[in-house]
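Residue numbers (the working numbering): 814 to 1012.
As structure tokens, the structure follows; a few thoughts come after it.
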């Protein structure tokens, strides 16, 4: 699977994240309210976000989210590595955030639909890890049809505290029948297509 495709939607274009995106992306990420309910609530700080950004570049699966109407970078997301994915039949999508001015307007659903559709052409399901107490992210997962996987999760150190994460999944079947399906998302303008990124 190409983990850095170009994904072309109705309002959004997803493309590979590059080092030159740093200034524009940190201008968004420095808004501490974005991270207020997140386990990594210090990610608005420059040194912390710098490490996050470098990890995104090194991982090879990071995408920049661009508003097609303005050409502005408005956030980013990532695909996880394929090592474990090939064994489990599921690839992770996560590390996502959007500028707050784009919250509540269907943009989260649009970029997630594009990424999920691309991933499900190669894997049986996609997974999302969410902080167990992250009410905003858990609500967002429910809104796009994510199903909580009982008994599956992990605990990580975040800001000096051990934080339990739960796992949501979307399968090929649930995607086809759920709110992000082409029929279900047409009214929100969430149709799109994928193109391979240049080599």
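For glycine and all other residues, C-beta sits at the position ideal for the given N, C-alpha and C.
> Is DSSP giving residue 992 helix, strand or coil here?
Replying inline: Along the chain shown, read from residue 1 onward, the residue named residue 992 stands at position 179. DSSP places residue 992 in coil when its eight states are reduced to three.
>> Can you give me the C-alpha to C-alpha distance between residue 849 and residue 814, rounded to a whole angstrom?
In response: Here residue 849 refers to the residue found at position 36 when the chain shown is read from its first residue. Here residue 814 refers to the residue found at position 1 when the chain shown is read from its first residue. Their backbone Cα atoms lie some 34 Å apart in a straight line.
> Alpha carbon to alpha carbon, what distance is there between residue 871 and residue 945?
Replying inline: Residue 945 sits at position 132 when you count from the first residue of the chain shown. Residue 871 sits at position 58 when you count from the first residue of the chain shown. Near 27 Å, if we compare the C-alpha coordinates of residue 871 and residue 945.
> residue 986: buried (16+ other C-beta within 10 angstroms of its C-beta) or exposed?
Replying inline: The sequence position of residue 986 within the chain shown is 173, counting from 1. Residue 986 comes out exposed.
> Buried or exposed: where does residue 834 fall if 16 or more other Cβ atoms within 10 Å of its Cβ makes it buried?
Replying inline: To locate residue 834, count along the chain shown from 1; it is residue 21. Buried: at least 16 other Cβ atoms inside 10 Å.
> Can the beta-carbon of residue 926 be found less than 8 Å from the beta-carbon of residue 880?
Replying inline: For the purposes of this step, residue 926 is identified with residue 113 of the chain shown, where counting begins at 1. For the purposes of this step, residue 880 is identified with residue 67 of the chain shown, where counting begins at 1. For residue 926 and residue 880, no; Cβs fall outside 8 Å.
>> Just verifying my parser: in three-state terms, what is the DSSP assignment at residue 860?
In response: Locating residue 860 in the chain shown gives position 47, counting from the first residue. Three-state result, residue 860: helix.
> How many whole angstroms separate the CB atoms of residue 827 and residue 878, which I take to be in contact at a CB cut-off of 8 Å?
Replying inline: The residue labelled residue 827 in the question sits at position 14 within the chain shown. The residue labelled residue 878 in the question sits at position 65 within the chain shown. Going by Cβ atoms, the distance from residue 827 to residue 878 rounds to 6 Å, so yes, they are a contact pair.
>> Quick check: the segment 839–854 against the segment 910–921, are at least 3 beta-carbon pairs closer than 8 Å?
In response: yes
> With DSSP run on the structure shown, which of helix, strand or coil describes residue 1013?
Replying inline: The structure shown has nothing for residue 1013, since the chain only spans 814 to 1012.
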